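Worksheet for the structure shown next.
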Amino acid sequence: MDVKPDDPRRDDVMALLLEHLDDMRATSPPDSIHALDVDALAEPGITFVTARDGDVLLGCGALKELSADHGEVKSMRTTAAARGRGVAATVLSWLLAEARTRGLSRVSLETGTQDYFAAAHRLYLQHGFVDCGPFGDYTLDPHSRYMTIALD
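Counting with full-length UniProt numbering, you get residues 1 to 152 for the letters of the sequence shown.
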């Protein structure tokens, strides 16, 4: 599995991100959907990466710089065919290593509270994230769970 920066506008990536957005719309109220679209993921200040096995897309994720010392994990998604193979853990580890390289002291994220997000909750807790309050432009929302990790 190879994780590296990639273009979110590639056809296979756009299909995965569309699937991600469709699932968010099916599980969360409209005002509680914070997933970025393809154009937002291509903006400066966001590092978008994919995990691939050769040419086969396995998953993706992004690191958004919120400030000089704070980043945010965005758009974590694994293809249905690759689930259970450690793709999300590998992508998350890559993003956290990148955050450390950039000198960020903290990385946060927002995820849903519904049962659908239970696997994501386990992943983030296993990597050392802890619950926190809203950060950045987020506000209290019963459909959002905020988590953060202090980087050493």
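Glycine included, every Cβ here is placed at the ideal spot set by N, Cα and C. Everything numeric in this text was worked out from a predicted model, so none of it was measured.
Could you check the C-alpha separation between residue i and residue j for me, to the nearest Å?
i, j, result
"residue 12", "residue 18", "10 Å"
"residue 136", "residue 52", "31 Å"
"residue 106", "residue 78", "24 Å"
"residue 24", "residue 33", "6 Å"
"residue 71", "residue 151", "11 Å"
"residue 40", "residue 127", "26 Å"
"residue 6", "residue 49", "5 Å"
"residue 138", "residue 2", "32 Å"
"residue 38", "residue 22", "13 Å"
"residue 116", "residue 143", "12 Å"
"residue 29", "residue 114", "11 Å"
"residue 97", "residue 27", "30 Å"
"residue 94", "residue 125", "16 Å"
What residues in its chain sit with their C-beta under 7 Å from that of residue i, if we drop five residues either side in the sequence?
i, result
"residue 134", "140 and 146"
In three-state DSSP terms, what is residue i?
i, result
"residue 24", "helix"
"residue 111", "strand"
"residue 11", "helix"
"residue 96", "helix"
"residue 39", "helix"
"residue 89", "helix"
"residue 58", "strand"
"residue 134", "coil"
At what residues does the alpha helix (DSSP H) containing residue i begin and finish?
i, result
"residue 123", "118-126"
Can you tell me which of the options puts its alpha carbon nearest to the alpha carbon of residue i?
i, options, result
"residue 91", "27, 76, 39 and 56", "76"
"residue 16", "121, 80 and 150", "80"
"residue 47", "72, 143, 114 and 62", "62"
"residue 89", "21, 58 and 144", "58"
"residue 112", "8, 10, 31 and 14", "31"
"residue 130", "67, 108 and 66", "108"
"residue 100", "27, 87, 68 and 56", "68"
"residue 74", "14, 60, 26 and 149", "60"
"residue 103", "56, 118, 4 and 66", "66"
Where does the unbroken beta strand (DSSP E) through residue i begin, and where does it stop?
i, result
"residue 82", "That residue, residue 82, is in no beta strand (DSSP E); it is neither H nor E in DSSP."
"residue 138", "That residue, residue 138, is in no beta strand (DSSP E); it is neither H nor E in DSSP."
"residue 46", "46-53"
"residue 5", "2-5"
By Cβ distance, which residues of its chain are closer than 8 Å to residue i, with the 5 residues on each side in sequence left out?
i, result
"residue 132", "108, 146, 147 and 148"
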